[in-house]
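Take a look at the structure set out below.
Structure (structure tokens):
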């Protein structure tokens, strides 16, 4: 009963969305190369996967996202911790972090493509950069808000520095850290596509450009968009699942 | 300065209660004994060895339970052993033993948020005792609990003490609790805290509430209250 109640709104919203889309296509009488109807896109989506057109591009993009997210989140944990616990680190680093965050990734991407070429490295770097900020900030906030009583408990039990970090501070800050990662993982998708646009020979961002340009296959472009959206949703749900597993039992 | 010129001698295996007005440095004194704070001058000794920082010979129960919400009760009680490097199965066995001792058997797998306030503080007592410290420090341990639960836990603390022969130093603002538990009650003045009285409680042990000598109990309580009030007047 509970699953039914959870599923009904989701399915309902999807039906409304698809119905509205179809209605716009019919009323506006748009040709498929401007706005293809939902069933045309669905057909192309299935076809592209069946023909093996989509698979290599999707795998490339997924690899960029996973590696970039991993690298960005790992370094953000480290730096976020330092920012929380060291005044000096905060003073030294925070201006650069804010400046880096304020510079649009779109503007940085061509430079990174120039330096690292059209291979995997540049895209991973862009993903890592875009993931870094939200995870670092949420880690900093999370570590700073750890109950001082817990730290005193650790002191009274003669915990080592490392034990305090791994057994008290990180677990206590985990809800905030995972919140930042949820934001970060969706941004990683953006980073991968931006990176591919700035220079790349494979990936879903490249496929969008191909579909719009030389192939002139607009339904394929929509099918690619759908794939990107599905990857984003899947990764978001994955982080959410990890979050539920790790901190669901707390309160 | 929170406390000044305090000299207290706590005999092995006895219970000493420290009472005093708010801000008299009761908690500071307790943290000095436990090595969480270091004195600007003077010395804390347990047996013949000085306390120089957090000490394995001491177990502390704080005012709040300070349980880790992401761990079950066993995991919380076993934490001190885990930090000391004891292997998993051994420390869990030991933690379960302690849960039996504080009346939490059957709650091994419960999370802190599933327990009542009293049960959480029992778990905190179990955690403080799990490394078999010679000295147990309690910082207003039951003050956040309702009166009935507090009385019950006071009684169980006495039973626990009788079985473990631990030396107990307890900070409280509850005179009745101090008299009921302690062999001696040390009264601190307002900040900076000094010892203004050291009152022996001669009630026979084992103590329980029904068999208590009411006259002796009130006499001790009155003596403590008198010293607290004189001090309060002196400040006012």
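Residue numbers (this note's numbering), protein chains in the order written: chain B, 1 to 251; chain X, 1001 to 1236. All C-beta atoms, glycine included, are put in the ideal place defined by N, C-alpha and C. As the structure is a prediction and not an experimental result, all values here were calculated from the model.
For residue 154 of chain B, the secondary structure class from DSSP, reduced to helix, strand or coil, is helix. The three-state reading of DSSP puts residue 1112 of chain X in helix, counting H, G and I together. Short of 7 Å from the beta carbon of residue 1103 of chain X, and not among the five residues preceding or following it, lie these beta carbons of its own chain, in chain order: 1122 and 1156. Rounded to the nearest angstrom, the gap between the Cα atoms of residue 82 of chain B and residue 88 of chain B is 9 Å. In this structure, residue 37 of chain B sits away from residue 27 of chain B, with a CB-CB distance that is not shorter than 8 Å. The beta carbons of residue 1070 of chain X and residue 91 of chain B sit no closer together than 8 Å. Counting other Cβ atoms within 10 Å of its Cβ, residue 216 of chain B stays below 16 and is therefore classed as exposed. With fewer than 16 neighbouring CB atoms inside 10 Å of its own CB, residue 1113 of chain X falls in the exposed class. Boundaries cannot be given for residue 1194 of chain X, as no alpha helix (DSSP H) includes it and DSSP labels it neither H nor E. A distance below 6 Å between beta-carbons, with the five flanking residues on each side excluded, links residue 1065 of chain X to the following residues of its chain, in chain order: 1120, 1121 and 1124. Under the three-state reduction of DSSP, residue 160 of chain B is assigned to coil, being neither helix nor strand.
By the rule that beta-carbons nearer than 8 Å mark a contact, residue 207 of chain B does not touch chain X.
Burial state of residue 1048 of chain X is exposed, judged by a 10 Å Cβ sphere holding fewer than 16 other Cβ atoms.
The beta carbon of residue 1106 of chain X sits no closer than 8 Å to any beta carbon of chain B.
Using a Cβ-Cβ cut-off of 8 Å, residue 247 of chain B counts as an interface residue toward chain X, since at least one Cβ of chain X sits closer than that to its own. When secondary structure is reduced to three states using DSSP, residue 1044 of chain X falls in the coil class, being assigned neither helix nor strand. Under DSSP, residue 1167 of chain X shares a beta bridge with X/1135. Secondary-structure assignment with DSSP links residue 1017 of chain X through a beta bridge to X/1170 and X/1185.
Against chain X, the CB of residue 149 of chain B has a partner CB under 8 Å away; the residue lies at that interface. Residues of chain B whose Cβ lies closer than 8 Å to the Cβ of residue 1129 of chain X do not exist; the shortest such Cβ separation is about 13 Å. Assignment of residue 170 of chain B by DSSP, reduced to helix, strand and coil, places it in the helix class. One thing to note: residue 1029 of chain X has its Cβ within 8 Å of the Cβ of residue 1193 of chain X. The beta carbons of residue 192 of chain B and residue 203 of chain B sit about 7 Å from each other, so the pair counts as a contact at 8 Å. For residue 232 of chain B, the enclosing alpha helix (DSSP H) covers residues 218-247. Of the candidates B/100, B/133, B/165 and B/227, the residue whose Cα lies closest to the Cα of residue 72 of chain B is B/133. Here residue 30 of chain B has 24 as same chain residues with Cβ atoms under 8 Å from its own Cβ, once five neighbours each way along the sequence are excluded.
Looking only at X/1228, X/1057, X/1177 and X/1058, the smallest Cα-Cα distance to residue 1148 of chain X is reached by X/1177. At least one C-beta of chain X is nearer than 8 Å to the C-beta of residue 156 of chain B. Excluding the 5 residues flanking it on each side, residue 1220 of chain X has same chain C-beta neighbours closer than 7 Å at 1179, 1199 and 1201, in chain order.
The Cβ atoms of residue 1046 of chain X and residue 1057 of chain X lie closer than 8 Å to each other.
Around the C-beta of residue 1184 of chain X, 16 or more other C-beta atoms lie within 10 Å, and the residue is accordingly described as buried. Neighbours of residue 1136 of chain X in chain B, taken as residues at a C-beta separation under 7 Å, are lacking, since the least C-beta distance is about 12 Å. Below the 7 Å Cβ cutoff, chain B contributes 156 as neighbours of residue 1034 of chain X, in chain order.
Secondary structure remark: continuous alpha helix (DSSP H) runs of at least 4 residues inside the region 77-120 of chain B, in chain order: 87-102 and 105-116. Contact between the region 126-146 of chain B and the region 57-76 of chain B is present: three or more C-beta pairs spanning the two stretches fall below 8 Å.
Within chain X, no residue has its CB atom less than 9 Å from the CB of residue 14 of chain B, the nearest being about 36 Å off.
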